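Chemist: First the structure, then my questions, so here it is.
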Amino acid sequence: LAHITAIASGTLQAVPQSVDGVTYAHKISKEEAPLNLKQPALTLARQIWGLQPWPYATLDVAGETIKILQATLVPLENETATAGTILDTQFTLACGIVDDKDLQLQALRLLSVQRPNKSPVTGAEAMRAMGLKVGDKLTP
Numbered sequence: 075l076a077h078i079t080a081i082a083s084g085t086l087q088a089v090p091q092s093v094d095g096v097t098y099a100h101k102i103s104k105e106e107a108p109l110n111l112k113q114p115a116l117t118l119a120r121q122i123w124g125l126q127p128w129p130y131a132t133l134d135v136a137g138e139t140i141k142i143l144q145a146t147l148v149p150l151e152n153e154t155a156t157a158g159t160i161l162d163t164q165f166t167l168a169c170g171i172v173d174d175k176d177l178q179l180q181a182l183r184l185l186s187v188q189r190p191n192k193s194p195v196t197g198a199e200a201m202r203a204m205g206l207k208v209g210d211k212l213t214p
């Protein structure tokens, strides 16, 4: 409220912004879209969330590049699964290992995906359509 009064009276003094801590965010490109399943699930989820609505994160599955439209983190129940392994019929993927034990217990569930020239579908529907099964391993 004091600033509004100072603006109205013409007494507000401009203060230059400090350059300490300034960073530059480069333009997002399609080269950032492919997911690397060797990364931790949290890192991949953040990549997916950050690349919406363009260019969308992508994943190579059975010779196709699919767009990941929505994903979430879920508890990892099979701690021995290697990165890229499909863990359940909901298209949940084991991801890379991290040093933090709490983060190791997460997997990435693909909620909504889109195959090339197709409509968006759930992860489970995509698995069925692509002939994927629990235990199949995607290239990380």
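If you use my numbering, the sequence shown corresponds to residues 75 to 214, in order. Here a beta-carbon is modelled for each residue, glycine too, at the ideal position from N, C-alpha and C. Since this is a predicted model, take the numbers as computed values, not measurements.
#1: Per the contact definition of three or more C-beta pairs closer than 8 Å, is the region 110 to 123 in contact with the region 144 to 155?
#2: Taking 8 Å as the threshold, find out whether the region 132 to 142 comes into contact with the region 152 to 160 through three or more Cβ pairs.
#3: In terms of DSSP beta bridges, what is ALA131 paired with?
#4: Please state if the CB of THR166 and the CB of ARG189 are separated by a distance shorter than 8 Å.
#5: Keeping to the same chain, check which residues put their C-beta closer than 7 Å to that of GLN113; ignore five residues upstream and five downstream.
#6: Is GLN188 helix, strand or coil when you go by DSSP?
#7: Return the residue from the list ALA99, LYS141 and GLN91 that minimises the CA-CA distance to LEU127.
#8: Between ALA119 and the rest of its own chain, which residues show a CB-CB distance below 8 Å, the 5 nearest in sequence each way excluded?
#9: Thinking C-beta only, is GLN164 closer than 8 Å to ALA115?
Modeler: In terms of the structure at hand:
#1: Yes: the two stretches touch, three or more of their Cβ pairs being nearer than 8 Å.
#2: Verdict: no, contact absent.
#3: Here the question's residue 131 lines up with position 57 in the sequence shown. In DSSP, ALA131 forms a bridge with ILE142.
#4: Taking the first residue of the sequence shown as position 1, residue 189 is located at position 115. Taking the first residue of the sequence shown as position 1, residue 166 is located at position 92. Taking the C-beta atoms as reference points, THR166 is found no nearer than 8 Å to ARG189.
#5: Mapped onto the sequence shown, residue 113 falls at position 39. Contacts found: CYS169 and GLY170.
#6: Within the sequence shown, numbered from 1, the residue matching residue 188 stands at position 114. In the three-state reduction of the DSSP assignment, GLN188 falls in the strand class.
#7: Here residue 127 refers to the residue found at position 53 of the sequence shown. In the sequence under discussion, the amino acid at residue 127 is Pro, which differs from the Leu named in the question. The closest CA to that of PRO127, considering only ALA99, LYS141 and GLN91, is found on LYS141.
#8: Residue numbering aside, residue 119 sits at position 45 when the sequence shown is read from its first letter. Here ALA119 has ALA145, THR146, LEU147 and LEU182 as same chain residues with Cβ atoms under 8 Å from its own Cβ, once five neighbours each way along the sequence are excluded.
#9: As a first step, residue 115 must be located in the sequence shown, where it is residue number 41. As a first step, residue 164 must be located in the sequence shown, where it is residue number 90. In this structure, ALA115 lies away from GLN164, with their beta-carbon atoms at least 8 Å apart.
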